[in-house]
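Written out below as structure tokens is the structure these notes cover.
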Amino acid sequence: MHALKVVFVAAILLVVDAVSIDHDKVQPFAQREPVTLSEKLGVKYKPTMDDQEGCAVFPAVNAAGETNGGLKGSGGTTGCREAPLGAQVYGRSMWYEGKYAILYAWYFPNGFSADWPVRRHDWASAVVWLDDPEAASPTVSGLSYSTSDTKYDKEAPPSGDNACLASVNGGPYVTMVLEHAIPYFLGPMYLRCSGGGGDYDLIMWEQLTDAARMALNTADFGEAEVPFNDVNFEKRLKKAWPY
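Mapping of the sequence shown onto mature numbering (1 follows the signal peptide of the UniProt record, and there is no 0): residues -18 to -1, 1 to 225, in sequence order.
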């Protein structure tokens, strides 16, 4: 049995159902000093996120494994324009088909169709693809960013004038600059290139507590699947594959 599936089955046996709490009561994880290569690369290429449309970015889970209960698909953006305890971006990385993939994910308490909230929970995700993560300045050879629950816009290699790329503090490496946007017509919110955005604390999958990882593997987020948990991570990389 595949290793990720084994871990997921174990989580099911240990945790019947994750406990959810009010959407504004979830304490995010503080960004830690990176130690491993995956943690250093995660911080190095962390995208920024402009969340001025729809709900703001919120944390999805706390250290105790309590998940965000989200908001009903009504009421517009009432109560979700600011995360009072702080926002969060999640990351997970692995080698996939000969490329090093770093998937970043953001959680929102409501899912929107055009200007209308239609469901509890939403996730957006983006992938930075690297050729050689151990190089002094790894080459970003591909970019993918979600346009729906399971679809991605993709570019490989990124063009020199790609509006999603920005230099980090004037350095030789780049990050994605993204916006969670409402479409002009009916459809889900999606990620697109932006001129700027919020720099939220990053927590990598391996830095989460056991309780938090189990909760993300087992919690019911409705139609909004957690893109980086053990069940969905490789599936999302396959859908985001830009080559």
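Glycine included, C-beta positions come from ideal geometry on N, C-alpha and C.
Item                                                                                                                                                                                      : Value
Please go through the same chain and pick out, in chain order, the residues whose beta-carbon is closer than 8 Å to the beta-carbon of D4, but skip the five residues on each side of it. : G51
Measuring only the C-alpha atoms, how far is L67 from E207?                                                                                                                               : 23 Å
When DSSP labels each residue in this structure, what does K26 get in the three-state scheme?                                                                                             : helix
Three Cβ pairs or more, each shorter than 8 Å: is that satisfied between the stretch 74 to 88 and the stretch 49 to 63?                                                                   : no
When we look at the beta-carbon of R218 and count the other beta-carbons within 10 Å, is it buried (16 or more) or exposed?                                                               : buried
Can you list, in chain order, the residues of its chain with a C-beta nearer than 7 Å to that of M186? Leave out the 5 residues immediately preceding and following it.                   : S20, E21, G24, G73 and R74
In terms of alpha-carbon separation, which member of F40, E205 and S119 lies closest to F90?                                                                                              : F40
Determine the burial state of F210: buried for a count of at least 16 other Cβ atoms within 10 Å of its Cβ, exposed for fewer.                                                            : buried
Return the Cβ separation of N92 and G55 in integer angstroms, given the expectation that the two are a contact with Cβ distance under 8 Å.                                                : 7 Å
Tell me the DSSP secondary structure of E188 in three-state form.                                                                                                                         : helix
Please report the straight-line C-alpha distance between V(-13) and Y166, rounded to a whole angstrom.                                                                                    : With a pLDDT of only 48 at V(-13), under 50, the local geometry of the prediction cannot be trusted, and the value read off the model is given with reservation. So the alpha carbons of these two residues sit roughly 42 Å apart.
Return the bridge partner residues of D32 from the DSSP annotation.                                                                                                                       : E161
Ends of the alpha helix (DSSP H) at residue 227?                                                                                                                                          : Past the edges of the chain, shown from -18 to 225, lies residue 227, and the structure says nothing about it.
Could you give the distance in angstroms between the alpha-carbon of F11 and the alpha-carbon of A45?                                                                                     : 7 Å
Leaving out five residues before and five after R14 in sequence, what residues of the same chain have Cβ atoms less than 7 Å from its Cβ?                                                 : Q189
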